[in-house]
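Here is the structure we will look at, set down as structure tokens.
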Amino acid sequence: MRAWHRHLALLASGAALCLAAVTPASGAEPGWVVGPVSPAAFTGQNEGNFVRLINNALPESCGRVSIAGSLASTQDPSTAVGTVATSTFHSPDRPCTTLLGNSHRTTKPGGKLKVERYDAATGITTGRLDNYVEETLLGAMRWTTAGHVPWTYENGTGHLRLEASGNDLTIVASQNGGALLPVGAPVTLKGTLLLSIQGTNTPPTLTPQP
50 MRAWHRHLAL LASGAALCLA AVTPASGAEP GWVVGPVSPA AFTGQNEGNF VRLINNALPE
110 SCGRVSIAGS LASTQDPSTA VGTVATSTFH SPDRPCTTLL GNSHRTTKPG GKLKVERYDA
170 ATGITTGRLD NYVEETLLGA MRWTTAGHVP WTYENGTGHL RLEASGNDLT IVASQNGGAL
230 LPVGAPVTLK GTLLLSIQGT NTPPTLTPQP
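And the structure:
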């Protein structure tokens, strides 16, 4: 009888292990909360220069960068929490500069801010800016860059740090760029924005749904 009980116990243990193996892992965030109010319009201004390196050969620096868009809480963790309506990388008094002269950058609206992780210990949220497309004009050269930009966000300060490397961004169209700007060439980007709820000095927060 005891042997039979041990046999049943082993079967039950094996069944539990099999069930655990096929049960999806828990811990996925149920969604994201935008605070202190949602939906909300936001704006951002650069802190320090935004820099790019185009095809590992052409450095660029922009000293006046601004961004604006909207944020909203979501119940689906895969849904974007924000949309970028405008991004400006120049001003009459502070243009973007390169070794070949001043460049003019125009971004297409519709970039999506997607959250991927939240670290409760540091208050830092990480994610990526999807659907990123921009066109650059430099003299007779014109090229389009597209892809996504990874970011980290400090909920306590409002600092949004963007950094694209590798093949996060690439040139997808090029005119008069020759060997300097071929299609497929990588474009790196790095810079920090200070975000706030439009019309206030209050930074938005991006945290998991409770």
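Per our numbering, the sequence shown starts with residue 50, numbered consecutively. Just so it is clear, CB atoms sit at the ideal spot from N, CA and C, and this is done for glycine as well. Just so it is clear, the structure is predicted and the values come from calculations on it, not from any experiment.
For residue i, does the three-state DSSP call read helix, strand or coil?
i, result
"residue 112", "coil"
"residue 267", "This structure cannot speak to residue 267, because the chain is shown only from 50 to 259."
"residue 227", "helix"
"residue 150", "strand"
"residue 93", "strand"
"residue 76", "At residue 76, the pLDDT of 44 sits below 50, so the modelled position is not reliable and the matter cannot be decided from this model."
"residue 205", "coil"
"residue 170", "coil"
"residue 31", "Nothing can be reported for residue 31, as the shown portion of the chain is limited to 50 through 259."
"residue 126", "coil"
"residue 71", "At residue 71 the pLDDT is 32, less than 50, meaning the model places this residue with poor confidence; the figure from the coordinates comes in the next sentence. Three-state DSSP puts residue 71 in a helix."
"residue 189", "coil"
"residue 249", "coil"
For residue i, collect the residues of the same chain with a Cβ closer than 6 Å to its Cβ; drop the 5 residues on either side in sequence, then sort them by chain order.
i, result
"residue 104", "234"
"residue 224", "191"
"residue 78", "126, 257"
"residue 110", "98, 100, 146"
"residue 151", "144"
"residue 135", "117"
"residue 159", "180"
"residue 221", "193, 195"
Tell me which same chain residues have a C-beta within less than 8 Å of the C-beta of residue i, skipping the five on either side of it?
i, result
"residue 57", "Because the pLDDT at residue 57 is just 37, under 50, the model does not fix this residue reliably, and the value given afterwards should be weighed accordingly. Cβ within range, chain order: n/a, list empty."
"residue 161", "129, 131, 132, 133, 178, 179, 180"
"residue 245", "91, 92, 93, 207, 251, 252, 253"
"residue 172", "203, 204, 205"
"residue 106", "229"
Could you check how far apart the C-beta atoms of residue i and residue j are, in whole angstroms? I think they sit under 8 Å.
i, j, result
"residue 243", "residue 94", "6 Å"
"residue 88", "residue 167", "At roughly 20 Å, the Cβ-Cβ gap does not stay under 8 Å, so residue 88 and residue 167 are not in contact."
"residue 157", "residue 183", "7 Å"
"residue 149", "residue 187", "6 Å"
"residue 122", "residue 81", "6 Å"
Checking the sheet assignment: what are the DSSP bridge partners for residue i?
i, result
"residue 144", "Residue 144 pairs with nothing; no bridge assigned."
"residue 199", "177"
"residue 132", "119, 161"
"residue 99", "111"
"residue 236", "103"
"residue 221", "Paired residues: none, contrary to the question."
Ignore the nearest five residues each way along the sequence and tell me which others in residue i's own chain have a CB closer than 7 Å to its CB.
i, result
"residue 217", "196, 197, 198, 199"
"residue 214", "237"
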